[in-house]
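Participant: So that you can map any letter, position 38 of the sequence shown is 1322 in this note's numbering, and since no number is skipped, the others follow by simple counting.
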Amino acid sequence: MARFHNFVLPLLLLGIAVQGKRQHTSPRPETDAETSDQCPEPFGYFADAEQCDKYYECKDGQLTDKLCPDGMVFNDYSSEYEKCDLPFNIDCSSRPKLQQPQPSLHCPRKHGYFAHEQENVCDKFYYCVDGQFNMITCPNGLVYNEKAGICSWPDEAKKKGCSSAEVFNFDCPKVNETEGLTHPRYADPEDCQFFYVCVNGNTPRRSGCKLGQVFDDVSKKCEWARKVPECADWYKGRLTDEELKALENPPTPKPHAVKMSRRKPSKPPRAQSRIVVEEEDIE
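1) Pull up the distance between the alpha-carbon of LYS1494 and that of LEU1531, whole angstroms please.
2) If you follow the alpha helix (DSSP H) that SER1388 is part of, which residue opens it and which one closes it?
3) So who's on the other strand from PRO1488, going by DSSP bridges?
4) Have a look at the DSSP bridge pairing and note the partners of GLU1507.
5) At the level of alpha carbons, what is the spacing between ASP1500 and GLY1464?
6) Just to confirm, is the Cβ distance from ASN1359 to LYS1367 under 7 Å?
7) For PRO1539, which residues does DSSP report across the bridge?
8) Between the alpha carbons of ALA1333 and GLU1430, how many angstroms are there, rounded?
9) Assuming ASP1439 and THR1487 form a contact by the criterion Cβ under 8 Å, report the distance between their Cβ atoms to the nearest whole angstrom.
10) For ASP1349, name the three-state secondary structure that DSSP assigns.
11) Leaving aside the five residues before and after ASP1475 along the sequence, list all residues of the same chain whose C-beta is less than 6 Å from its C-beta, in chain order.
12) Are three or more beta carbon pairs between the segment 1389–1404 and the segment 1373–1380 nearer than 8 Å?
13) With burial defined as no fewer than 16 other Cβ atoms inside 10 Å of the residue's Cβ, what is the status of GLN1477: buried or exposed?
14) Take the Cβ of LYS1338 as the centre, count every other Cβ of all protein chains shown within 10 Å, and call the residue buried at 16 or more, exposed below.
15) Can you give the Cα-Cα distance for TYR1329 and GLU1341, rounded to whole angstroms?
16) Between which two residues does the beta strand (DSSP E) carrying SER1436 extend?
17) Please state if the CB of PHE1454 and the CB of ARG1469 are separated by a distance shorter than 7 Å.
18) Rounded to the nearest angstrom, what separates HIS1308 and GLN1322 at their Cα positions?
19) Could you tell me if ASP1517 is buried or exposed, where buried requires 16 or more neighbouring beta carbons within 10 angstroms of its beta carbon?
20) Please list the terminal residues of the continuous beta strand (DSSP E) segment that includes VAL1413.
21) Please tell me whether ARG1393 and ASP1344 are closer than 7 Å, where the distance is taken between their beta carbons.
22) Tell me which residues share the same chain as PRO1311 and place their Cβ nearer than 6 Å to its Cβ, disregarding the 5 neighbours each side in the sequence.
Put into structure tokens, the structure is as follows:
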């Protein structure tokens, strides 16, 4: 299995943004006596000092209160743009207040990514848009990271009830510090195609070999199933001998044919004219 780090469903994962560039209805003067005391500038969008999903629009010095859709917060990276973003992308520590939530089934707020209600359900979460949910499942071996809104390794997500030991039911054998730095590998005791990488010798992460291969616990690498006696029949009933052979010996791609024109090149008209002139001079 390929490692999915900081998966983005992607995973797999889409941001919802409301944005627009400010419009100047008149040239911006260096000084403006009509600017409101509450507007830092005559034009622009400005975050509220206490509430992360509240902001203000200033037009000609006139201030208007605004709210992001429930579950989103104001992105104050530039006063020129009006943009609401997901909370994972914005630091709201200095303005932690939020509007009253508008919950619905599986959606604590109308928009955003939310963990499964059951703590021991580690690999599933909800993506909510306007109060409607879609359930998403992380790739095998990853769990939902509530702080980042993505799928992560269990030791990175630090989700309650979803530690590496709890998710994988596998404990890394104790090794000395030197061996631990090599990130030793161990066969999955229940699945020949998979194995565990013990990061620094103590944190397991599950990985796997491509289809048709198994993990050889002697060489510590992936090998074709027929070469590993204890796993030689692992794909029996799932893949035929012909399919396994085709995976091990894929056909060599034929080179693309190059199309060439059979038309004989003709002499340039200018060169022909020059020859005629020269012949006339000789005569």
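Quick reminder that beta carbons are idealized off the backbone N, C-alpha and C, glycines included.
Model, not experiment: these values are computed from the prediction.
Facilitator: According to the structure shown:
1) 10 Å
2) Element bounds for SER1388: n/a, residue is neither H nor E.
3) CYS1482
4) VAL1498
5) 20 Å
6) yes
7) According to DSSP, PRO1539 bridges with nothing at all.
8) 25 Å
9) 5 Å
10) strand
11) none
12) no
13) buried
14) buried
15) 5 Å
16) 1434–1436
17) no
18) Its pLDDT being 40, under 50, HIS1308 is placed unreliably in this model, and the coordinates cannot settle the point.
19) exposed
20) 1408–1413
21) no
22) A caution first: PRO1311 carries a pLDDT of 40, below 50, which makes its placement in the model unreliable, though a value can still be read off. Here the set comprises nothing.
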